[in-house]
Every structure is written in C-alpha cells, then in structure tokens.
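Reading the sequence shown from the start, the letters are residues 309 to 440 in my numbering.
A virtual CB, placed ideally from N, CA and C, is assigned to each residue, including glycine.
Worksheet: one structure, shown below.
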Amino acid sequence: MDVEQIEAKHVKKGKYILIDDSPSIVSDNATSAPGKHGHAKCRITATGIIDGKKRVIMRPGDGKVPSPVVDKRNGQIVSIDGDRAQLMDAETYEMFDTKIPDNLKAKAKEGVMVDYWLIGGEIRIIVDVKVE
309 MDVEQIEAKH
319 VKKGKYILID
329 DSPSIVSDNA
339 TSAPGKHGHA
349 KCRITATGII
359 DGKKRVIMRP
369 GDGKVPSPVV
379 DKRNGQIVSI
389 DGDRAQLMDA
399 ETYEMFDTKI
409 PDNLKAKAKE
419 GVMVDYWLIG
429 GEIRIIVDVK
439 VE
C-alpha cells in the first residue's frame, strides 16, 4: 500500500488518513494552543471508509500521520450477487469482487460503468453510477 506522511496540523476535513491500519476520512481536526513549554496538540476525528467506525487519535502538531494514496479508476459491473458486485477494470480488464454501497444498490445493474477507488488495498465503489 502506498502511504505518504503528513504533519498532523496540516490534516484537513475530507482528507484520508490511516488509523490502526484502516483507511479513514477525517471529519474534524481540533488543535489546542501550545503551553508555556509544550507544543500544540491535534485531536483528529475520522470515520473508517471500509467499516464505518469512528476513530480518534491525538498527535503533536508537528507529528506525522500516515495518509494512503487513493487510486481512482473506472470499471464496469459484470455481475451482481446479493450485495456484492463483480467489477472489471476499464483499462487493465482485471476482475474483482467488491461490496455495493447501500446508497447505490438501486442503481447498480450489470453492464453499468462506475467509478471506484483503491484505498489501502481495499476496493470501494465511491462515486455514483454513470448513466450512459
């Protein structure tokens, strides 16, 4: 998995970070003022992309936080089995299975093109189904 290190004070809402090796999207970054002999502290709140769990970490403002590199791609839904879809990458023609998000289950049909993201080794349909 490709990971880059960013300073905690530069983590903004909507940025992707790794907390406990789980890719998460940041919902808040509260920074405390530095004390007389201390440094500013950051309290980062994020929600797991894969499992939806809320996670909180504390880091010094100049401390490093791992951020996964998000690979955005296009693919076609080949087949659907319950809440799982088999996708084929539009460029490499690779086939793989992934879970269909709840908000896209009604629109997901065989033969439809979708945008998906590779985040931390996990495949996730993120963007709405493309209407042709």
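Between S332 and R367, the CB-CB gap reaches or exceeds 8 Å. In the three-state reduction of the DSSP assignment, D379 falls in the strand class.
No residue range can be given for V319, since it is assigned to no beta strand (DSSP E) and is classified by DSSP as neither H nor E. For T339, the beta-bridge partners assigned by DSSP are C350. Here P409 is exposed: its Cβ has fewer than 16 other Cβ atoms, across all protein chains shown, within 10 Å. The beta carbons of I388 and T406 sit no closer together than 8 Å. Between the region 336 to 353 and the region 411 to 425 there are fewer than three C-beta pairs closer than 8 Å, too few to call the two in contact. Counting only the Cα atoms, L326 lies some 25 Å from R392.
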